[in-house]
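**Q**
There are 4 protein chains.
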Amino acid sequence: MHILVSNDDGYLAPGLSALANKLSEVARVTVVAPDRNRSAASNSLTLDMPLRVQQMDNGYFSVDGTPTDCVHLAITGLLKEDPSIVFSGINNGENMGDDVLYSGTVAAATEGRFLGLPSIAISITSSKPRYFETAANIAVLLLNQLIVKELPADTILNVNVPDLPLTEIKGLKATRLGQRHRSEPVIEGRDPRNKKIYWVGPPGAQQDAGEETDFYAVENGYVSITPLKIDLTNYQRLNTLNDWLEELVL
Amino acid sequence: MHILVSNDDGYLAPGLSALANKLSEVARVTVVAPDRNRSAASNSLTLDMPLRVQQMDNGYFSVDGTPTDCVHLAITGLLKEDPSIVFSGINNGENMGDDVLYSGTVAAATEGRFLGLPSIAISITSSKPRYFETAANIAVLLLNQLIVKELPADTILNVNVPDLPLTEIKGLKATRLGQRHRSEPVIEGRDPRNKKIYWVGPPGAQQDAGEETDFYAVENGYVSITPLKIDLTNYQRLNTLNDWLEELVL
Amino acid sequence: MHILVSNDDGYLAPGLSALANKLSEVARVTVVAPDRNRSAASNSLTLDMPLRVQQMDNGYFSVDGTPTDCVHLAITGLLKEDPSIVFSGINNGENMGDDVLYSGTVAAATEGRFLGLPSIAISITSSKPRYFETAANIAVLLLNQLIVKELPADTILNVNVPDLPLTEIKGLKATRLGQRHRSEPVIEGRDPRNKKIYWVGPPGAQQDAGEETDFYAVENGYVSITPLKIDLTNYQRLNTLNDWLEELVL
Amino acid sequence: MHILVSNDDGYLAPGLSALANKLSEVARVTVVAPDRNRSAASNSLTLDMPLRVQQMDNGYFSVDGTPTDCVHLAITGLLKEDPSIVFSGINNGENMGDDVLYSGTVAAATEGRFLGLPSIAISITSSKPRYFETAANIAVLLLNQLIVKELPADTILNVNVPDLPLTEIKGLKATRLGQRHRSEPVIEGRDPRNKKIYWVGPPGAQQDAGEETDFYAVENGYVSITPLKIDLTNYQRLNTLNDWLEELVL
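Same order as they appear, the protein sequences are chains A, B, C and D. In this text, residue positions in the first sequence follow this note's numbering: the first is 113, and each later residue adds one. In this text, residue positions in the second sequence follow this note's numbering: the first is 113, and each later residue adds one. In this text, residue positions in the third sequence follow this note's numbering: the first is 113, and each later residue adds one. In this text, residue positions in the fourth sequence follow this note's numbering: the first is 113, and each later residue adds one.
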């Protein structure tokens with residue numbers, strides 16, 4: 113088996129090598145990752161500039177593009193042999209709730225799924241993680257199950273692992289995304305030349321962290337596993353929309 | 113009423129001013145848009161660098177960030193008075209099928225919805241559009257209906273308008289996203305210094321363009337209106353996933 | 113006569129149009145300028161990425177590159193007909209003393225000279241200039257003299273014009289570059305995510321502002337005109353270096 | 113003694129570690145280098161964005177800025193203790209003739225000199241160098257002489273070392289910069305979306321490669337050492353300019 117590993121923290125991130133090393137014990141692994149931190153890149157794809165690839169001393173491919181670029185490039189031409197699964201991570205910090213939409217880690221997995229492969233995004237819920245090993249073990253566990261039992265092609269898994277020793281993990285929980293309150297306000301400032309600058313503010317506090325959510329699972333010591341849709345159509349609202357449109361006259 | 117207008121083609125794009133001008137006839141409009149073309153930026157948010165805003169001669173605010181940055185900045189602090197609706201577009205070219213995930217135009221609308229506002233993304237299905245006026249009229253039509261009748265808060269509208277005179281438009285259709293075949297392979301080349309470069313290849317051909325899809329609607333002269341989800345959870349797969357996880361032992 | 117005009121403040125800068133408009137009264141003018149502010153770009157040349165050019169509504173060419181890229185592109189292929197002179201400016205703020213080395217305005221002129229053309233960089237010594245007209249008039253004055261009497265091919269002119277009405281300008285002075293004290297320290301800070309950031313600090317105070325310097329001329333109401341070398345060889349030190357090297361044994 | 117080492121090829125470049133390792137044998141070395149290839153950055157200085165610094169596993173500091181930023185940051189605040197000398201290199205490829213103006217390698221040395229320190233730029237004249245060791249040895253040789261005998265403060269040394277075993281080097285030569293013919297034309301192309309792109313073309317052929325030039329020295333197996341000016345004033349042309357200006361009436 114051949115696994116493609118990518119991330120959004122860049123090819124030097126310790127979470128990436130923790131994941132790649134552990135998966136290497138059970139499969140052939142190729143790493144194609146951004147040349148630097150591209151967090152919050154979402155599904156951004158580089159169409160207007162060419163990409164460059166460099167193979168590093170440790171064998172990883174470093175790309176001057178986004179996580180989506182990395183996976184796209186790898187699967188549509190860079191790799192001689194197609195991978196059969198895509199892993200993205202281990203991200204340095206959680207990817208939960210509605211923030212998932214901005215996540216480069218999740219985007220790399222999404223791109224894998226778009227291009228036809230089962231894909232898993234995996235994050236550790238601490239900004240200074242101590243237990244990458246736990247998350248890496250969870251990755252292997254999921255991989256083994258994925259080999260035995262496929263997942264539906266309309267879904268990727270978004271996995272968030274508490275930063276705990278494996279023995280302290282309570283279990284695995286299928287979750288839905290929680291929700292946050294509206295982001296904190298933008299932070300205005302001045303640069304040293306006295307020109308106005310704005311920094312995007314911190315995310316809002318948790319608004320919906322009910323029992324079924326990723327927020328809840330992780331806070332209670334469980335690994336949160338959220339199935340994410342690739343097709344953004346809101347099927348439940350198609351009828352509502354039909355009614356809504358019916359009244360309109362061109 | 114106060115409408116925020118943004119886009120991903122940049123503040124100079126003719127589709128942006130076509131939309132802003134038309135909406136100005138019925139509401140107060142503020143434009144906050146990227147300082148240059150940021151197509152395919154998806155929901156990318158700039159967290160590691162400050163943003164700068166410049167008010168241009170025509171009153172538009174130009175931001176050195178992504179479409180998501182523009183809407184985020186506008187709503188969380190730049191504007192004195194909160195807008196009540198977000199429009200994004202008129203994009204120069206279609207945003208249909210699974211490509212929607214990469215779209216900066218759709219991302220700007222998504223960000224509006226995240227921050228609590230009804231949001232509509234609007235694109236014209238030609239790369240050299242002649243009938244921006246048609247799309248602008250559709251925007252006003254939808255705006256008027258939105259004022260009368262709210263849409264569910266878990267949804268944005270993704271509107272694709274054929275590049276035709278308004279009189280030739282057959283009607284409005286609620287659609288689901290179509291699907292494409294896997295993208296064409298990456299295009300390898302050499303730069304003039306003989307270094308290898310890669311360009312992301314073109315999108316794949318239409319694979320699922322069935323009657324309910326956006327592809328089908330537009331090809332048959334209809335305005336396609338797809339309700340898009342903000343919550344990426346694949347609720348339909350939660351049970352499947354539960355079963356799948358049940359067998360796993362930590 | 114055909115004049116190429118560029119700058120480093122970007123194609124929208126009022127100093128650029130003030131210069132281009134005034135020169136248009138006496139010659140044919142083509143403007144090729146960066147698509148955004150590229151101050152302090154120095155002679156940076158884009159070798160690893162392609163450049164894109166867009167002709168704007170006012171006829172200016174906007175390039176997604178540095179000032180050096182703009183002049184390089186214009187002269188080595190973009191323009192059907194070679195220009196005979198390059199003007200760069202009017203820069204928003206002075207370019208004097210040793211800071212000149214960082215200047216994109218001066219770099220654009222240097223590139224013109226490298227590619228075989230007489231070149232003049234022109235700046236106005238205020239960050240919120242009121243009298244662009246004065247600097248534009250000086251440009252025409254120098255142009256007229258340049259037509260009559262060539263300048264040596266190893267030299268460009270670096271012109272700094274006080275922000276005063278033309279009638280208050282005392283005259284034109286040939287100057288040497290002044291010198292500054294060492295820059296102020298770098299400014300340490302934290303971004304809103306509590307990560308350390310550094311801003312380059314302000315330039316040092318004037319150290320050598322003697323009578324022959326650009327600093328002195330401008331402070332006393334004169335237009336400062338400094339001849340700048342293109343060849344960076346320090347000919348005066350060749351003998352010293354020879355002695356210095358003589359003692360070395362491989 | 114404390115030496116600051118930087119470059120423009122990025123902190124991972126083998127030429128950088130070859131230089132830093134060799135200098136470490138005789139002095140304390142701190143490396144502050146760009147996080148990626150910034151060739152042709154010239155003296156570009158980042159004023160509008162903050163810089164970030166990361167200390168890597170090998171102790172090097174990686175900066176998301178230009179070579180000039182790296183040296184500026186290091187000397188004006190990042191380093192606890194001031195270095196006493198700046199080395200830049202070993203650059204992967206020559207920095208000779210008039211191209212020197214674009215060079216990031218030379219710019220890093222220039223910034224060191226601006227900030228008060230003796231500075232040496234060192235390059236190896238092959239794009240796939242085999243003998244970094246030779247250039248590293250030359251660096252130590254020059255360092256030893258610099259300790260004994262200072263160089264004038266208006267000068268930096270630009271060193272170009274042939275890619276040969278040390279025993280095949282003929283000697284050291286003080287040189288002037290040679291000159292090239294005008295660059296080759298810009299290379300027009302189309303990206304895969306059929307949009308026009310332009311690549312900066314290759315440099316021109318050697319025009320002036322006379323006996324005293326760097327071109328000549330290197331071609332004949334010598335190390336070329338060119339003293340470069342920091343002050344760009346063309347003193348020799350001050351009188352010419354005075355005459356030229358005398359005739360002008362405001």
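Using N, Cα and C, we set each Cβ at its ideal position, and we do this for glycine too.
Using a Cβ-Cβ cut-off of less than 9 angstroms, give me the residues of the stretch 305-318 of chain C that come near chain A, in sequence order.
**A** For the stretch 305-318 of chain C, the set of residues with a beta-carbon nearer than 9 angstroms to any beta-carbon of chain A comprises R305, W311, V312, G313 and P314, in chain order.
**Q** Taking all protein chains shown into account, do 16 or more other C-beta atoms lie within 10 angstroms of the C-beta of Q167 (chain A), making it buried, or fewer, making it exposed?
**A** exposed
**Q** Tell me, please, whether the CB atom of T142 (chain D) is closer than 8 angstroms to any CB atom in chain C?
**A** no
**Q** Which residues in chain A have a C-beta closer than 7 angstroms to the C-beta of D147 (chain D)? List them in chain order.
**A** R148
**Q** Runs of 3 residues minimum, wholly inside the stretch 276-324 of chain B: which ones carry the beta strand (DSSP E) assignment?
**A** 283-286, 299-302, 308-311 and 318-320
**Q** Drop a sphere of 10 angstroms on the beta-carbon of M431 (chain A), count the other beta-carbons inside from all chains shown, and report buried for 16 or more, exposed for fewer.
**A** Residue numbering for chain A in the displayed model covers 113 to 362; residue 431 (chain A) lies beyond these limits and cannot be assessed.
**Q** Rank C:I250, C:D355, C:A248 and C:W311 by C-alpha distance to the C-alpha of I337 (chain D) and give the top, closest one.
**A** Nearest of C:I250, C:D355, C:A248 and C:W311 to I337 (chain D), Cα basis: C:D355.
**Q** Check whether the Cβ atoms of L234 (chain D) and V198 (chain D) lie closer than 8 angstroms to each other.
**A** Sequence inspection shows Ile at residue 234 (chain D); the Leu mentioned does not correspond to that position. Result no, Cβ atoms of I234 (chain D) and V198 (chain D) do not sit closer than 8 angstroms.
**Q** Using the beta-carbon of each residue, which ones in chain B are nearer than 7 angstroms to L227 (chain C)?
**A** Those within 7 angstroms of L227 (chain C) in chain B number zero; the least Cβ separation is about 18 angstroms.
**Q** Would you grab the beta carbon distance between F173 (chain C) and V165 (chain C) for me? Rounded to a whole angstrom, and I think it's under 8 angstroms.
**A** F173 (chain C) to V165 (chain C), Cβ: 5 angstroms. Contact.
**Q** Please list the terminal residues of the continuous alpha helix (DSSP H) segment that includes Q136 (chain D).
**A** Reading off the sequence shown, one finds Ser at residue 136 (chain D), where the question assumed Gln. Unbroken alpha helix (DSSP H) run through S136 (chain D): P126 to S136.
**Q** For V212 (chain A) and chain B, any beta-carbon pair shorter than 8 angstroms?
**A** Yes, its Cβ sits closer than 8 angstroms to a Cβ of chain B.
**Q** Taking DSSP as the reference, what is the three-state secondary structure of P179 (chain D)?
**A** helix
**Q** Please report the distance separating the alpha-carbon of L253 (chain B) from that of D121 (chain B).
**A** Distance from the CA atom of L253 (chain B) to the CA atom of D121 (chain B), rounded to whole angstroms, is 23 angstroms.
**Q** Is DSSP giving N149 (chain D) helix, strand or coil here?
**A** Coil.
**Q** Here's a check: name, in chain order, each residue in its chain whose Cβ is nearer than 6 angstroms to the Cβ of E223 (chain A), leaving out the five neighbours to either side.
**A** T180, V183 and H184
**Q** According to DSSP, simplified to helix, strand and coil, what is A265 (chain C)?
**A** coil
**Q** With DSSP collapsed to three states, give me the class of I187 (chain D).
**A** helix
**Q** Of all the residues that make up the stretch 182-216 of chain C, which are near chain D by a beta-carbon distance shorter than 8 angstroms?
**A** H184, L185, T188, G189, L190, D210, V212, L213 and Y214
**Q** I think R349 (chain D) touches T267 (chain C), with their Cβ atoms under 8 angstroms apart; what is that distance to the nearest whole Å?
**A** 5 angstroms
**Q** For the beta strand (DSSP E) containing V335 (chain D), name the first residue and the last one.
**A** Per DSSP, V335 (chain D) belongs to the beta strand (DSSP E) from Y334 to K341.
**Q** Go ahead and pull the three-state DSSP assignment for V141 (chain C).
**A** strand
**Q** For K285 (chain A), count the other beta carbons within 10 Å of its own beta carbon; 16 or more makes it buried, fewer makes it exposed. Which is it?
**A** K285 (chain A) is buried by the Cβ-count criterion.
**Q** Beta-carbon within less than 8 angstroms of P314 (chain D)'s beta-carbon, same chain only, minus the 5 sequence neighbours each way: which residues are those?
**A** Hits under 8 angstroms: S295 and E296.
**Q** Output the distance between the C-alpha atoms of V330 (chain D) and G205 (chain C), rounded to the nearest integer angstrom.
**A** One C-alpha to the other measures close to 42 angstroms.
**Q** Determine, using beta carbons only, whether L159 (chain D) comes closer than 8 angstroms to chain A.
**A** yes
**Q** With DSSP collapsed to three states, give me the class of G228 (chain B).
**A** coil
**Q** In this structure, does DSSP put L360 (chain B) in helix, strand or coil?
**A** coil
**Q** Taking only beta-carbon positions, decide if D120 (chain C) is within less than 8 angstroms of chain A.
**A** no
**Q** What are the start and end residues of each continuous alpha helix (DSSP H) run of 4 or more residues lying completely inside the stretch 194-257 of chain B, in chain order?
**A** 216-226
**Q** Which term fits S239 (chain A), buried or exposed, when burial requires 16 or more other beta carbons within 10 angstroms of its beta carbon?
**A** exposed
**Q** Does any residue of chain C bring its CB to less than 8 angstroms from the CB of D303 (chain A)?
**A** yes
**Q** Which residues bound the beta strand (DSSP E) around Q167 (chain D)?
**A** V165 to Q167
**Q** Going by the CB atoms, is the gap between G127 (chain B) and G201 (chain B) shorter than 8 angstroms?
**A** yes
**Q** Any beta carbon from chain C within less than 8 angstroms of V298 (chain D)'s own beta carbon?
**A** Answer yes: the Cβ-Cβ gap between V298 (chain D) and chain C drops below 8 angstroms somewhere.
**Q** Measure the C-alpha to C-alpha separation of N170 (chain C) and H114 (chain D) and round it to an integer number of angstroms.
**A** 55 angstroms
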